[in-house]
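What follows is a single structure, written as structure tokens, with notes after it.
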Amino acid sequence: MKTKFKSQRKGAVLATVTVVSVMMVVIIMSATQLVSHTNSKTNEVYRDKQAYYVAASCIRAFVAQTTGFSHDAGNTDEEITEQIRQLQQLATQDEVEVKITSDSHGGSKVGDSQPRWNNAKCTLKVEALTSDINAPLKVISTATYLGRTKTVVAYLNVATLRNHKFTPKALEIIGTDGGIDTKFENLQVYGATGATSMESHDMNTVYKFNHNENKLYGETDINGSMGVQNNNRFYSNPYFFEGVDDTMGCVLNVSRSMVFVANTPTFEPRFGKQLDNMELNPNLSGSDYNFLNVRQALIFCSNNAKIGTNDENSVDVHAGLLYFGNKDNIGSALETACARKNQTDTTVDVNEYWENIRAGFNFGDGNGNIIHGHVFTHGRDAANIEEATGDTMFNGDMVIANAKVEVTGDVYVDGDLYMWGSDAQLTTKTVHMKNGRHVYNCKRQYDANGNVITPSTSDIVTTLKGVGEIKWDDWSVPRGKRPQFPLLSETPYYYFPEHLLCQDGVSTIKGKYEAMYKPGTDELNVDTANPYHADSDHVPQITDDRFRNKNSDGTYKKVYGDPSGEGPVFRPDYVVTESCYINVLGEDSRGDASGAYIVIDVDEAQDDIVVVLKNGGYTRNNNVILVNNSTDPEVPGEAKFVYFVSDSGVGTTYNEYATSGEISTYDHSTFIDKPKFSFTGATNIVMDLKTYFNSNVYTDVNNGDPSKTRAKCSGEPLNPTPDPANTTPNGIQLRSNNIFFLFTEGSELFCDEANTILQASVYMPRATYRTSNKGRNIKISPDFVTNDMESVAIIGNLVCNHYEVEKGNRNAIVYLGFSPCSMLSVIKGHGDEHATTSYELDHYAAS
């Protein structure tokens, strides 16, 4: 890029400045102004001016070249980050001499044609002003002209740089028992869902989405196997917003095998994918949506499953082996191959695997399934066959065992196609085969070792009932590329809640948390004799007298919102301004039998606040905890947070990630074993105060005297998506979460049979989230149109080891991202940095 500065002085020369470093090359095309020599009597003044113009032009050109990248200007994250890194790298080097060339002379030295330029020299030096990784920079341009020296300085800032903005899934299950003791029931997840542990892939864990109606929106990624039945539904990404979240979803990736057990599971995308566009490579951005991708066997025992809505909203199917039919015709060899952990696994309990798959329900007969999309099988090339398991059973074959199936697109087979039985029919336009592969009118059979037996040539056919045409065209189309399995290369969690509580250099609350325990013990430092008015030497309970918000006459010291009660208002019983603990909430002895109304006031505290949920603690009826926090969760140094943490004591942690890039560990035996906290009773709410005021989540209104109303919100809908169009005129677009729950290994958070809602990021990757919760019916996007969305349990995200549902309610998780400035931004390591702009000029100065 060329940036020319027009000279206002007669005889000025336009030139190009090139900065050359052994570590980096920055090409600067600019106008360096040298004033024509006159017969001035003040020769020193003349030389000073020439030196100043050289220094100023060089630094101005340098700043123009090395700053100004941004998303608004159309630059990518990678381009912005590279420009930042180049500057930071230069700050570690010595000064660089500037080579002055002329753009009007083909880049040759100006001194070759205008000797007076040989009298000008300039150096550039970049210095970091602090030791921080993203420190402000000082650029020093020093020019000399005939013995006179001038220096010009530029100060650069990179205020918008973010450390690794880790984006979690709305629900992430990390475990080897399927994440749950029984089955997922009436689960609704608005945002991505994942079973992300590599161990669950290696153990071939079965995830059972088998009971009632589970609804999964966006992308679902499962490491292991998956069983699905009933009216389970897969939908598009409701958070799609071009330029912010470009994933359109309606995607399911399963790293092992998947069985549609019975009834009518469906894929219902809202983003169109035309059936006739074969250029849509599923591994490329913009085409990576609307597909079902199973690495090993995809088995349809279901009746009337519907994959895709119509040919305009098609969903493609990819599998290592594709089977349609009843369970009895699968065959023991294939059943065993699906169940085992790897090809050499001889100890697998095949019956247990298939019992887990069906989860108490009967298999269907595999009839009436329809795929609005194309079908692709994969596996004949060695790279696909041997990947991870080395199992050649999943070799790209397709089997239709006496069942009827319809594919409105084409079928692309990488292996052989078997179709047999009097009722067998494949209704499709064209079947595409690889050269050397065959279509057989017989069963797929196996030898005693479970290897596929090649059928007799007499079983080869060239036509099939319902198929328009069979082509041996050695097919290869972009749309038929096998989608990647993202979780097989997923970045692991490097830090766990134990580290976020106790690890130097990782935890930002270590001092606060550890000070809440008696030194050398795992006992909370509480005043058992005076639990509600502890002295300053003890940790206060959340309902301690020091937090009471009522005067002796019963009036409130502080009212949040509209005191008249005409608008949103909240009159808390307690205003909490320091770290504390919760044992029992809603106690009669405190006058809280009808519920405790609490504000945790971060604005007043001007600091993070830690709330320890005491081991064995619980809540009773109608407890509302609202967080007053106006700090911007996106601004480093300003953002403040509230952490609700398990009562885990002070343990020993290690930081292997910092020293070797490995997963960090801790000594589990040094933490309290299996702490538990329960939200019980009729209503429990933990929410941001501003969110509450702009919602319809809960009211406690005095109709006779509105000025005595204790709790009232606006009744408007909430929008957690990045698309402002989802916000009604009176609604609110939610900010990133600044409320967190941290539960250590073996702990349990129980949301009992109550109307409990948590607006929070819940991080408990080795702990249990147990629920019989009814959630809250509220107006919230993306499902809100005219009626409340049912049973919202979490506005945020949940990462857990076990997700246990005791009763089948519509437990909904509505995704809301968390602050990139919080501790949780580094739980998967520092990773790549994310920036919206590169370094920007703050100001110039002369010296």
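Just so we're aligned, residue 1 is where the sequence shown starts under our numbering, counting upward by one.
Think of the CB as a built atom: it goes at the ideal place given N, C-alpha and C, for glycine as much as any other residue.
Just so you know, these numbers come straight off a predicted model, no measurement behind them.
For lysine 327, DSSP records no beta bridge to any residue. For alanine 793, the enclosing beta strand (DSSP E) covers residues 789-805.
When DSSP states are grouped into helix, strand and coil, arginine 233 belongs to the strand group. A check of alpha carbon separations from lysine 429 across Asp416, Arg148, Glu406 and His438 identifies Glu406 as the nearest. Residue pairing by DSSP puts cysteine 751 in a beta bridge opposite Phe679 and Thr771. Here tyrosine 418 is actually not in contact with tyrosine 446; their C-beta atoms are around 12 Å apart, not less than 8 Å. In the three-state scheme derived from DSSP, where H, G and I count as helix and E and B as strand, threonine 652 is classed as strand. Under DSSP, arginine 148 shares a beta bridge with Tyr145.
By the criterion of a C-beta distance shorter than 7 Å, glutamate 95 is surrounded in its chain by Thr123, Leu124 and Lys125, once the five residues flanking it on both sides are discounted. Histidine 201: not part of any beta strand (DSSP E); member of the alpha helix (DSSP H) spanning 198-202, first to last residue. In this structure proline 519 is exposed. Its beta-carbon is surrounded by fewer than 16 other beta-carbon atoms within 10 angstroms.
CA-to-CA, the gap between aspartate 311 and tyrosine 412 works out to about 17 Å. In the three-state DSSP reduction, arginine 810 falls in the coil class, being neither helix nor strand. Contact check for glutamine 188 against serine 838 fails: the beta carbons are separated by 8 Å or more.
Non-local C-beta neighbours of glycine 565 in its own chain, meaning closer than 6 Å and more than five positions away in sequence, comprise Pro706, Ser707 and Thr709, ordered along the chain. The C-beta of asparagine 615 has 16 or more other C-beta atoms within 10 Å across all chains shown, which makes the residue buried. Taking the C-beta atoms as reference points, phenylalanine 234 is found no nearer than 8 Å to cysteine 301. As the crow flies, the alpha-carbon of proline 269 is around 21 Å from that of valine 259. As summarised for the stretch 358-446, the continuous alpha helix (DSSP H) elements at least 4 residues long and confined to that stretch are 382-386, given in chain order. Taking C-beta atoms as the reference points, serine 747 and serine 646 count as a pair closer than 8 Å.
Out of Val315, Ser332, Asp328 and Arg295, the CA that lies nearest to the CA of leucine 322 is found in Arg295. Burial of alanine 812 is indicated by the presence of at least 16 other C-beta atoms within 10 angstroms of its C-beta. Per the C-alpha coordinates, the member of Lys510, Asn530, Val539 and Val559 positioned closest to serine 589 is Asn530. Relative to valine 251, the option among Asn204, Val315 and Lys208 whose CA is nearest is Val315. A distance below 8 Å separates the beta carbons of asparagine 797 and lysine 169. At the C-beta level, aspartate 592 and threonine 543 come within 8 Å of one another. Note: threonine 193 is bridge-paired with Leu171 and Thr220 in the DSSP secondary-structure output. Cβ-Cβ distances below 6 Å link asparagine 232 to Phe209, Asn214 and Pro265 in the same chain, with the five nearest sequence neighbours on each side left out; the list follows chain order. Secondary structure note for glutamine 65: its alpha helix (DSSP H) is the uninterrupted segment 43-66.
With fewer than 16 other Cβ atoms from the protein chains shown falling within 10 Å of its own Cβ, serine 552 counts as exposed. Annotation: valine 686 to tyrosine 155 spans about 44 Å, alpha carbon to alpha carbon. In this structure serine 678 is buried. Its beta-carbon is surrounded by 16 or more other beta-carbon atoms within 10 angstroms.
Residue pairing by DSSP puts threonine 756 in a beta bridge opposite Asn684. Here glutamate 335 has Val350 and Trp354 as same chain residues with Cβ atoms under 7 Å from its own Cβ, once five neighbours each way along the sequence are excluded. For the pair arginine 810 and glutamate 840, the CB atoms are not nearer than the 8 Å cut-off. By a beta-carbon distance limit of 8 Å, leucine 488 does not contact serine 287. Their separation comes to about 20 Å.
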